[in-house]
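The listed protein sequences correspond, in order, to chains A and B. The first sequence begins at 2 in my numbering and counts up by one. The second sequence begins at 2 in my numbering and counts up by one. For glycine and all other residues, C-beta sits at the position ideal for the given N, C-alpha and C. From a predicted model like this one, the values you see are computed outputs, not experimental measurements.
Protein chains: 2
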Amino acid sequence: MGRAELKLEDIFYPESIAIIGASSDEKKEQSGWTGTLLNSGFEGRLYPVNPKATRILGLQAYPSLKDIEGKVDYAILNLTPTLVPKALEDCIAKGVKVVHIFTSGFTEVGNEQGKRLQKEIHSITDRANIRLIGPNCMGVHCPEGGISFANLPRKEGPTTLISQTGAGAARTILYGSGRGIYFGKAVSYGNAVDLDSPDFLEMLADDTKTKFIALYIEGIKDGRRLLTATQKCIIKGKPVVILKAGLTEAARGAVTSHTGAIAGSEKGWEAFFAQTGAISVHTLEEIVYQLVALQNVQRPGGRRVGIIGRGGGPGVIATEICEEMNLRVPPFSAAVRNQLERITTAAGGSMIRNPVEVGVGRAGAQQGYIEAFKILAESQEVDLILTHLNPEAFILYGGVPEWINHSIDALLGVFKTLPKPVALVLPSGETQESREIVQQAWTRCSEAGLAVFRSYESAANALNKLIRYYEFKDRV
Amino acid sequence: MGRAELKLEDIFYPESIAIIGASSDEKKEQSGWTGTLLNSGFEGRLYPVNPKATRILGLQAYPSLKDIEGKVDYAILNLTPTLVPKALEDCIAKGVKVVHIFTSGFTEVGNEQGKRLQKEIHSITDRANIRLIGPNCMGVHCPEGGISFANLPRKEGPTTLISQTGAGAARTILYGSGRGIYFGKAVSYGNAVDLDSPDFLEMLADDTKTKFIALYIEGIKDGRRLLTATQKCIIKGKPVVILKAGLTEAARGAVTSHTGAIAGSEKGWEAFFAQTGAISVHTLEEIVYQLVALQNVQRPGGRRVGIIGRGGGPGVIATEICEEMNLRVPPFSAAVRNQLERITTAAGGSMIRNPVEVGVGRAGAQQGYIEAFKILAESQEVDLILTHLNPEAFILYGGVPEWINHSIDALLGVFKTLPKPVALVLPSGETQESREIVQQAWTRCSEAGLAVFRSYESAANALNKLIRYYEFKDRV
């Protein structure tokens, strides 16, 4: 038999789910699949399957899949590896559309039993009208569908995450939630015996709710298909951010022991990125920062950055990091300097050449900060503005800790009115007081749609790649 | 006249300080120099100078320097720039040994008046028996001497910071205090009209309390002297970490507008680092991470890293980052794998090839974690162990938030008994719960002398440079 046609609904919005291998120990199952799906707000029918239980967490339990009277769209297999092939046959017999094999212990282990079992489930799936997520993965997260693999934020957003790793997927979703990036859909697909990254990409190219796509890939069965599917998404205006893990030699070995994948050569992946315009990143944090830039920074007209902030040394460091990331920090003309000089003198700052130093830490100095933004935004000399705040400046300048809130007030009041994009660098606080204030500031900025980064490096890196993405789009 | 001989005591342990330009507004002066020195625990004589006040913050105030009856070792000038030359002449007349000019508005401004005034104070100092810190800088921080330029941690440690920037110095001291790095001495020296980085280095080479030295440099008057002074420190077993700001073109311009310094060429600085073995870093955070590695990681026998942690994807990413930073992550022999397999199977992990995945998130799994450390430390196959914990794993694995404390207990219980160095990567938490637990864990690890990093990149980067430093030492 051929493969069933893949529908977005079958993966992310099943109406009924069976949990094969639900624990009869309710305390344990509270944090198992049944408890997790109940917590995720799943509103369809949920069928825990366990031969020794009649009820699990308030739901009727079933001795086996075939004892369930209604249809089952989706099944989660949480069994010891040797029991998986038989369970898969049961799913096929029951007419289940999608099976998520949570169980690990297949090719990734590297022993004979694992390889044999993976081959067996591959061959069972291959000749049946069923689609498979996994094995060795966390499966699906979709707040709208009421489905998740952990107690994750349920706020929806325009980004979809496709991730071979499960721990990494949860971490990325959590990171994102602290930075204004919410995942409307996510899937962790592990060893990819059947469904692989191109399958998900092809679906998402047509998903109206998905505007940005992030991938964590260890290996790929069909590179040509991945290339075509990625191009399709980008042509449809959906940027694709990819963390391709396992590009160095030992990392390739680590990949094999993780999901059993073949990582592929560095050269091949370089060509892939050059040809598709997908944005290459190297850590989970970088995925999130790149999404922050994509979602919250309007397209800059070029690579010229104006830098505004308190602190001379930090300004110098910021300049250097921007330049190392292929951004430019041009010195201002005499005309712009004259405008700036009036403000910085009044505000206690001392640099007007670019970077600009203004005394945002002092009481009443916020007006100077705002004016500096307006001058740079209206000049023809920069394409975007990067501003940095030092959470501990209040210690140095003897002000009150809350001064940072006043600076954020000023920034949020002005940034949307400017004809140039703005990004903020605000490091984590280093004292108890500053940590809390920074956390609140991050939340306020993220919710207001202002791009915030924790370091100059992460900001400059994401902005460089953002601009490169648009430059690619112009060329193709 | 020639220059007075420079003594460490005159800079960091003055017995009497005059504050020329103390404010008669006590509320303002509370966060000014008088208040700051009182808060820093200065126990010598403190003389606020202001022609309009008789008492300031409980101290007798003096109309002018010459009205002070006793000797004055050290003077801080907080005056408008045009008044500085006259005040400097007064200091010379009074026999002050060291003057710190806090005032800015000299060469760094780029205008004629600034240049003229700086030239003037240069020529005054040049022909007198006095030493000058600044202008345009924060001056001295030395908890033991009861002197500081801000409300900074007063705990002492074996590191000294020499920094041209003031805001950066305060930030570095604060960053350090959250990571177990305490600065026994620090100096911000701004435009360096007289005292420059080599002067401080030469003093510190012989300071028994200084074991590690960090520098933030924008420019240097005498490169040959800096080279000799750096070599002297390194030969005496004191590693020198240098952030040379302003290596790119725009950053060189920014340097000029910050401290008026000439930044020098990238090539010249490359040669400097190659010849001295000083450790080159690029951000203030990196200074602190490098000090963490120097202070808390015993010398590894080589570049082979064993990685232990929860999460397959994160393990793959960690491997790749280590390799990109010139570390090696060799696959283990069958013998080591067999030992590990028993542990990981019992603990719910799945990778034994290097990286090792152990189920540290689960209750009772800490024993497996400890065993994995012992196996790697006793094998001949790695030189150091890098372990990573995911603060949000409790969300994914349904455990209690405190599991991380159990993992830290296990780690702190074992790391000092091992014959190999250990470093931990523990990212900031992303939820309210995890943030607090991570903060406590950071403090516990730092106080116990375990090297902790917030990211794989910062860890691998600092460890690479640590090993390179020792390799250099072996060659010379």
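Which of helix, strand or coil does DSSP assign to residue i?
i                            : result
histidine 142 of chain A     : strand
valine 401 of chain B        : coil
serine 164 of chain B        : strand
glycine 3 of chain A         : Per-residue confidence for glycine 3 of chain A stands at a pLDDT of 47, beneath the threshold of 50, marking its modelled position as unreliable; the derived number appears in the next sentence. If DSSP states are grouped into helix, strand and coil, glycine 3 of chain A belongs with coil.
glycine 185 of chain B       : strand
isoleucine 280 of chain A    : strand
glycine 307 of chain B       : strand
tyrosine 48 of chain A       : strand
glutamate 358 of chain B     : strand
valine 415 of chain A        : helix
leucine 9 of chain B         : helix
alanine 19 of chain B        : strand
leucine 390 of chain A       : coil
phenylalanine 201 of chain A : helix
valine 317 of chain A        : helix
tyrosine 190 of chain B      : coil
leucine 38 of chain A        : helix
tyrosine 470 of chain A      : helix
leucine 153 of chain B       : coil
valine 487 of chain A        : With chain A covering 2 to 477 only, the question about residue 487 of chain A has no answer from this structure.
glutamine 296 of chain A     : helix
tyrosine 14 of chain A       : coil
Give a yes or no on whether 9 Å exceeds the smallest Cβ distance from residue i to chain A.
i                         : result
tyrosine 176 of chain B   : yes
isoleucine 20 of chain B  : no
tyrosine 290 of chain B   : no
proline 356 of chain B    : yes
serine 281 of chain B     : no
asparagine 152 of chain B : yes
arginine 172 of chain B   : yes
arginine 436 of chain B   : yes
methionine 204 of chain B : no
threonine 83 of chain B   : no
valine 188 of chain B     : no
Can you tell me the Cβ-Cβ gap for residue i and residue j, rounded? I've got them flagged as a contact below 8 Å.
i                            : j                            : result
glutamate 250 of chain A     : glycine 247 of chain B       : Actually they do not touch by this definition, with Cβ atoms about 37 Å apart.
aspartate 74 of chain B      : valine 99 of chain B         : 7 Å
leucine 89 of chain B        : phenylalanine 107 of chain B : Not confirmed; about 12 Å, so no contact.
leucine 466 of chain B       : glutamine 291 of chain B     : Here the sequence assigns lysine to residue 466 of chain B, which means leucine is not the residue at that position. Their Cβ separation, rounded to whole angstroms, is 6 Å, which keeps lysine 466 of chain B and glutamine 291 of chain B in contact under 8 Å.
methionine 204 of chain B    : leucine 60 of chain B        : At roughly 30 Å, the Cβ-Cβ gap does not stay under 8 Å, so methionine 204 of chain B and leucine 60 of chain B are not in contact.
asparagine 137 of chain B    : threonine 260 of chain B     : 6 Å
glutamate 324 of chain B     : alanine 252 of chain A       : 6 Å
glycine 147 of chain B       : phenylalanine 13 of chain B  : Not a contact, Cβ separation roughly 10 Å.
phenylalanine 213 of chain A : threonine 160 of chain A     : 4 Å
serine 178 of chain B        : proline 154 of chain B       : 4 Å
So that I know if they touch, is there some Cβ in chain B lying closer than 9 Å to that of residue i?
i                         : result
glycine 3 of chain A      : The predicted position of glycine 3 of chain A is uncertain, since its pLDDT is 47 and thus under 50; a value taken from the coordinates is nonetheless stated next. No, because no Cβ of chain B sits closer than 9 Å to the Cβ of glycine 3 of chain A.
glutamate 448 of chain A  : no
alanine 179 of chain A    : Sequence check: residue 179 of chain A is glycine here, not alanine. Chain B, which has a Cβ nearer than 9 Å to the Cβ of glycine 179 of chain A, makes this yes.
leucine 285 of chain A    : yes
histidine 101 of chain A  : no
threonine 1 of chain A    : Here chain A has residues from 2 to 477 only, and residue 1 of chain A is not among them.
valine 426 of chain A     : no
isoleucine 468 of chain A : no
glutamine 440 of chain A  : yes
glycine 269 of chain A    : no
histidine 407 of chain A  : no
Please tell me whether, using a cut-off of 8 Å, the distance from the CB of residue i to the nearest non-hydrogen atom of the ligand SAM is below it.
i                      : result
alanine 230 of chain B : The ligand SAM is absent from the structure shown, which contains no ligand whatsoever.
At a CB distance below 8 Å, what residues from the segment 378-394 of chain A approach chain B? Give them in sequence order. Asn391, Glu393 and Ala394
Would you list, in sequence order, the uninterrupted beta strand (DSSP E) runs of no fewer than 3 residues that lie entirely inside the segment 72-130 of chain B? 75-78 and 99-102
What are the residues in the segment 304-338 of chain B lying within 8 Å of chain A by C-beta distance? Taking 8 Å as the Cβ-Cβ cut-off against chain A, the residues of the segment 304-338 of chain B that qualify are Arg311, Gly312, Gly313, Gly314, Pro315, Gly316, Val317, Ile318, Thr320, Glu321, Ile322, Cys323, Glu324, Glu325, Arg329, Val330, Pro331 and Pro332.
Positions along the segment 243-254 of chain A whose CB lies within less than 8 Å of some CB in chain B: Leu244, Ala246, Gly247, Leu248, Thr249, Glu250, Ala251, Ala252 and Gly254
Of the residues that make up the segment 157-172 of chain B, which ones have a beta carbon closer than 9 Å to any beta carbon in chain A? Ser164, Gln165, Thr166, Gly167, Ala168, Gly169, Ala170, Ala171 and Arg172
Runs of beta strand (DSSP E) wholly within the segment 233-257 of chain A (minimum 3 residues, chain order): Residue ranges of uninterrupted beta strand (DSSP E) with 3 or more members, entirely inside the segment 233-257 of chain A and ordered along the chain, are 241-245.
Any C-beta of chain B within less than 9 Å: which residues of the segment 210-226 of chain A qualify? Tyr217 and Glu219
Residues from the segment 134-146 of chain B in contact with chain A, defined by Cβ distance under 9 Å: Asn137 and Met139
Could you name the residues of the segment 13-43 of chain B whose beta carbon sits closer than 9 Å to any beta carbon of chain A, in the order they occur along the chain? If the cut-off is 9 Å between Cβ atoms, the segment 13-43 of chain B has Lys29, Gln31, Ser32, Gly33, Gly36 and Thr37 near chain A.
Quick one: which residues of the segment 63-74 of chain A get their C-beta closer than 9 Å to a C-beta of chain B? List them in chain order. Close to chain B, meaning a Cβ-Cβ distance shorter than 9 Å, is no residue of the segment 63-74 of chain A at all.
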